[in-house]
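In the working numbering, the protein residues as written are 1 to 199.
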């Protein structure tokens, strides 16, 4: 279980998160809603401990968190495999070749395996971002806008993967602009409006 109590975060004189509280149980799919600039990404960074908070309390209950944004594709001159190897090393984790091949095929990345990331489309970079997460060990996945730049077929694959992970008691917290695409698979939604949880 993740418990957030009275979380606040400001940049200079601008309060981005204002006294946010919420509870997220394990094994849930949670959509983080809000317009651009509402504080969704900042919230994800704060609860994943990437960004310091000004005040409040975050109780992780010993859970292992992974936050992924576009920087997951930071090694743009490397191939999918070599990019993943670099990231695995940074987390002190090893490559499982069976997992690698399973999700490489499931996400439609097999034919792109030998290409440097800089030649991948935005949609394929999104696929690769989830691919990286699927090759890492975690209990809570925090992922920024995973459905952006995906066609309908890819969105269906992502939804199915999310549901499969949920069945394994994994928790996924993801930001999205379009709740209609995922409302039927989500257990919980949290809407942030002007730095506060909308009621």
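By construction, the Cβ of each residue, glycine as well, lies at the ideal position given by its N, Cα and C atoms. Source: prediction; values computed, not measured.
According to DSSP, residues forming a beta bridge with residue i
i           : result
residue 14  : 11
residue 174 : 31 and 143
residue 134 : Looking at the DSSP assignment, residue 134 forms no beta bridge with any residue, so it has no partner.
Own chain, CB closer than 8 Å to residue i, minus 5 neighbours either side, in chain order
i           : result
residue 146 : 126, 129, 130, 158, 174 and 176
residue 200 : Summary: the structure shown does not reach residue 200, with the chain confined to residues 1 through 199, and so no result is reported for it.
residue 40  : 32, 33, 34, 144, 175 and 192
residue 106 : 157 and 161
residue 88  : 94, 95, 135 and 136
Sequence-distant residues of its chain with Cβ nearer than 7 Å to residue i (five each side left out)
i           : result
residue 22  : 4, 190 and 197
residue 116 : 76, 77, 78 and 79
Residue i, enclosing alpha helix (DSSP H) - first and last residue
i           : result
residue 158 : 152-167
Unbroken beta strand (DSSP E) run spanning residue i, endpoints
i           : result
residue 142 : 140-143
residue 189 : 188-193
Beta-carbon separation (whole angstroms), residue i vs residue j, contact threshold 8 Å
i           : j           : result
residue 8   : residue 2   : Their Cβ separation, rounded to whole angstroms, is 17 Å, which puts residue 8 and residue 2 out of contact at 8 Å.
residue 109 : residue 124 : 7 Å
residue 28  : residue 187 : 4 Å
Residue i beta carbon near the ligand MN (any heavy atom closer than 7 Å)
i          : result
residue 96 : Summarising the ligand content, the structure contains no ligands, and the ligand MN is consequently not present.
Own chain partners of residue i with C-beta closer than 6 Å, once the 5 adjacent residues on each side are dropped
i           : result
residue 57  : 5
residue 195 : 15, 16, 17, 18 and 39
Item checked: Every unbroken beta strand (DSSP E) within the segment 43-124, with a cutoff of 3 residues, ordered by chain -> 55-59 and 65-68
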